[in-house]
Amino acid sequence: MSENASSKNALPAANADPVLSVLYEQGLLSDLDVHFARFMNRLADGGSPDLALAAALASHASGQGDICINLRQWARRRSWGAETESAEPSPVAPPPVGDWLASLRASSVVGRPGERQPLVLDRRGRLYLYRYWEYEQCLADDLLRRSQAASPSVDEARLRADLDRLFPHHPQLSGPDWQKVAAAVAALKQVCVISGGPGTGKTSTVLRILALLAGQAVERPLRIALAAPTGKAAARLQESIRAAKPLLDLEAEQLAQIPEEASTLHRLLGARPDSVYFRYNRDDPLPLDVLVVDEVSMVGLALLAKTVTALPAEARLILLGDKDQLASVEAGAVLGDLCAGAGRFSPEFQMQLATLTGEPLPRGRESSSPLVDAIVLLRHSYRFGADSGIGALARAVNRGKSTEALDLLVGAPHEDIVWQELADPADLPEWLAEPVTAGFAPYLRAVREGAGPAAVFEQFNRFRVLAALRGGPFGVEALNRLCEAALFAQGLIDTHSIWYAGRPVMVVRNDYNLRLFNGDIGMTLPDPDAPERVKVFFLGNDGALRSFAPARLPEHETVYAMTVHKSQGSEFEQVLVVTPSEPSPVLSRELLYTALTRAKREAMFYGVPEVFAAAVGRRLRRSSGLRDRLWVEPRTRRDR
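As structure tokens, this is what we get:
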């Protein structure tokens, strides 16, 4: 056993609960989980093993992206480890669930919903850290209130005319124009959620929505803000709006109301260094009439709850995203929970929409949740047509059709999908060399020819290597080293210096003073004022360039290859996706779908067929009560 492992395993050994010790030694609990469990026991005047185990599990769940831990489900599993990276299941037997829940409810540190205690246990056996229970409750209450609020005053005659003008009949469509329907919903409702895959037109739809709302604003111009969770996503939203805005046939006053700048949510809310609180909140709300948030699948529960809390009660909220993508790296899978009951509107609202839009909508259905009339799923992809392999593979992956997905991938019936079976990491250098050289050579030639930073970024963003893991022979750390070696072998870079011209880097730790944030990508280029030195250039949302001496940068890493999670909010002409040779709990259909749909023209996959098929069959589920609060509990309250 290594020195580090010995030190780690010794942490809970003295005077600690043996169950926690076993779970800790197997790597199923972190230092934080164990210390939190001990702290809860101290607060409870000694507590009990049942409390310690439950507290550790609640802490662990939040660290894994779950909002809570469902103790009833956990107790039904006779071992723990099957869904983790542990090599062997845990020998820990859960306590009898009835006794366990009764013991917790008798504890002084466990409260019922609505009680302010460190832990909250609901009637379904879900145990929360209090702050996550509060975030979930606040977000659900706000969205339900907004979705059932009285419709804003709307000039329906003008709305109908504007809808027909802004959404002319598209010859590709054989069914309803869901973009047009989404625009009508956004005009009629205080909250509107629009979900769709790449190429379904979410951004162009929201631009026309803003035009509709501007046309309805007769008393004063609307105060509108555009936001996204990351700088990359904000920049893409901004670019799309700027490119499409001049094409709209609008009066100058209406065009002026549509903003051309997008910001990150943190910047919009007024992030404070070293604080979880923002300048804008319920007591000091944002000065807005309309807020548009893009890439909502990347937004965690806490951040979205704080966003809606900071929005004035009468303001409109428009959420855009792809419900099938990976969930946020933070806790929660909010967009998936929001869209869980979507698909058809209530009968009354369906009739109103059909009259306004002239679209042949499916028959409405009764629902207990008012949110059903606030969600639109965009179904038609204008990017991936019927002959698109990327589109067909994305649909098969989403439906969990492993055999169909493998036939499309390995059988290679489409030119835009490339497959290479790769199980031995020793083969990676050979198989990476050609695509990496071809993919990155154009931007490196631009660097050598003295092109400006904007032109270099444009070339660099055409290709990327994506990986499921960070570590290991198939992870981004190893892949970045292999990419550098391949480019060096072709004479495209000179790695004798760490800071060679053309080195791309990604910031991995926020620096509020420099305004550089996790996920920002910089390019190392000669300093125009002193060509013998280099600087790292970053392209801002507004197109402005900022440069820094390498020594000033916060923590960073080379980024020829990046994790699929980090690629969210980006698109590339080509992607090369490298998956591990063994199954991993990280591999899921959501990850494969997200990786695949980063590509606009070609997707290459390296991996093992059986591992790919297993990932297609594995759906990522995060434990949360938000889905019940939005879709089940409204019926419970109605039926009482």
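Here full-length UniProt numbering is used: position 359 in the sequence shown is 359, and no number is missing along the way.
Note that the Cβ used here is the ideal one computed from N, Cα and C, for glycine as well.
Taking the DSSP output, what are the residues bridged to residue i?
| i | result |
| --- | --- |
| Val611 | Paired residues: none, contrary to the question. |
| Arg126 | Asn70 |
| Val507 | His556 |
| Gln574 | Phe463, Glu602 |
| Ala271 | Phe278 |
| Ser195 | Gly321, Leu377 |
| Arg546 | Phe538 |
| Val120 | Gly111, Tyr128 |
| Ile258 | BP columns for Ile258 are empty, so no partner. |
Look at the Cβ atom of residue i, then the Cβ atom of residue j, and state whether they are nearer than 8 Å.
| i | j | result |
| --- | --- | --- |
| residue 655 | Gly475 | This structure gives no information on residue 655, because the portion of the chain shown stretches from 1 to 640. |
| Leu127 | Ala54 | yes |
| Phe538 | Asp520 | yes |
| Leu516 | Pro550 | no |
| Ser381 | Pro198 | yes |
| Gly215 | Gln254 | yes |
| Ala52 | Asp99 | no |
| Asp294 | Leu320 | yes |
| Leu626 | Val334 | yes |
| Val611 | Ala405 | no |
| Arg619 | Gly400 | yes |
| Ser263 | Ala310 | no |
| Gly175 | Leu378 | no |
Smallest Cα separation from residue i: which of the options?
| i | options | result |
| --- | --- | --- |
| Leu268 | Gln254, Thr230, Leu255, Ala256 | Thr230 |
| Asp424 | Leu159, Gly607, Ile224 | Gly607 |
| Ala603 | Gln568, Ala227, Arg445, Ile417 | Ile417 |
| Lys180 | Ala394, Val376, Asp529, Leu482 | Val376 |
| Glu571 | His565, Ala599, Arg589 | Ala599 |
| Ala183 | Asp387, Ser581, Arg552, Ala354 | Ala354 |
| Arg116 | Tyr132, Arg124, Arg123, Gln420 | Tyr132 |
| Met298 | Val308, Val290, Glu330, Tyr277 | Glu330 |
| Phe440 | Gly452, Ser547, Glu458 | Glu458 |
| Val97 | Gly111, Gly125, Ala106, Val508 | Gly125 |
| Ile67 | Gln148, Asp337, Thr579 | Asp337 |
| Val290 | Glu359, Val296, Gly391, Ala186 | Ala186 |
| Asp387 | Ala412, Val296, Ala61, Glu366 | Ala412 |
| Leu248 | Ile209, Glu261, Pro285, Pro273 | Ile209 |
Return the CA-CA distance between residue i and residue j, expressed in angstroms with no decimal places.
| i | j | result |
| --- | --- | --- |
| Gln325 | Val292 | 19 Å |
| Ala302 | Ala225 | 20 Å |
| Val564 | Leu139 | 27 Å |
| Leu428 | Val436 | 11 Å |
| Glu85 | Val34 | Confidence at Glu85 is low in this model, with a pLDDT of 42, below 50, so its placement is unreliable and the value that follows should be read with caution. Approximately 19 Å, taken between the alpha carbons. |
| Cys192 | Ile318 | 5 Å |
| Met506 | Ala454 | 17 Å |
| Ala313 | Gly364 | 28 Å |
| Arg622 | Ser151 | 33 Å |
| Leu479 | Ala256 | 46 Å |
| Thr531 | Val456 | A small fix is needed here, since residue 531 is Pro in this sequence, not Thr. Taking the straight line from one Cα to the other gives about 17 Å. |
| His414 | Arg589 | 20 Å |
| Arg38 | Leu23 | 14 Å |
| Leu587 | Val397 | 12 Å |
| Arg601 | Glu582 | 28 Å |
| Arg462 | Ser103 | 57 Å |
| Val632 | Pro94 | 28 Å |
| Arg78 | Leu119 | Low confidence applies to Arg78: its pLDDT is 47, below 50, so where it sits in the model is not reliable, and the reading given next is rough at best. Approximately 24 Å, taken between the alpha carbons. |
| Ala82 | Trp74 | Reliability fails at Ala82, whose pLDDT of 41 lies under 50, so the model's placement of it is uncertain and no value is given. |
| Ser497 | Arg533 | 12 Å |
| Pro442 | Phe36 | 51 Å |
| Ser6 | Ser21 | Low confidence applies to Ser6: its pLDDT is 40, below 50, so where it sits in the model is not reliable, and the reading given next is rough at best. Cα to Cα, the separation comes out at about 13 Å. |
| Ser204 | Arg76 | 47 Å |
| Ser624 | Lys566 | 23 Å |
Could you check where the alpha helix (DSSP H) with residue i kicks off and where it finishes?
| i | result |
| --- | --- |
| Trp419 | Where Trp419 is concerned, there is no enclosing alpha helix (DSSP H), although the beta strand (DSSP E) it sits in stretches over 417-421. |
| Thr597 | Looking at the DSSP string, Thr597 is not in any alpha helix (DSSP H), and its letter there is neither H nor E. |
| Pro526 | Premise fails: Pro526 lies in the beta strand (DSSP E), 521-527, not in any alpha helix (DSSP H). |
| Pro312 | Careful: Pro312 lies outside any alpha helix (DSSP H) and carries neither H nor E. |
| Pro442 | 428-448 |
| Val536 | Premise fails: Val536 lies in the beta strand (DSSP E), 530-539, not in any alpha helix (DSSP H). |
| Ala55 | 49-63 |
| Val19 | 18-25 |
| Val476 | 476-489 |
Could you check where the beta strand (DSSP E) with residue i kicks off and where it finishes?
| i | result |
| --- | --- |
| Ser103 | No beta strand (DSSP E) holds Ser103; the alpha helix (DSSP H) holding it covers 97-105. |
| Met562 | 561-563 |
| Ser263 | 262-264 |
| Val290 | 290-293 |
| Ile493 | Taken as a continuous stretch (DSSP letters only), Ile493 belongs to no beta strand (DSSP E), as it is neither H nor E. |
| Ala227 | 224-228 |
Closer than 7 Å: is that where the CB of residue i sits relative to any heavy atom of the ligand MN?
| i | result |
| --- | --- |
| Ala392 | Questions concerning the ligand MN fall outside what the structure shown contains, since it holds no ligand whatsoever. |
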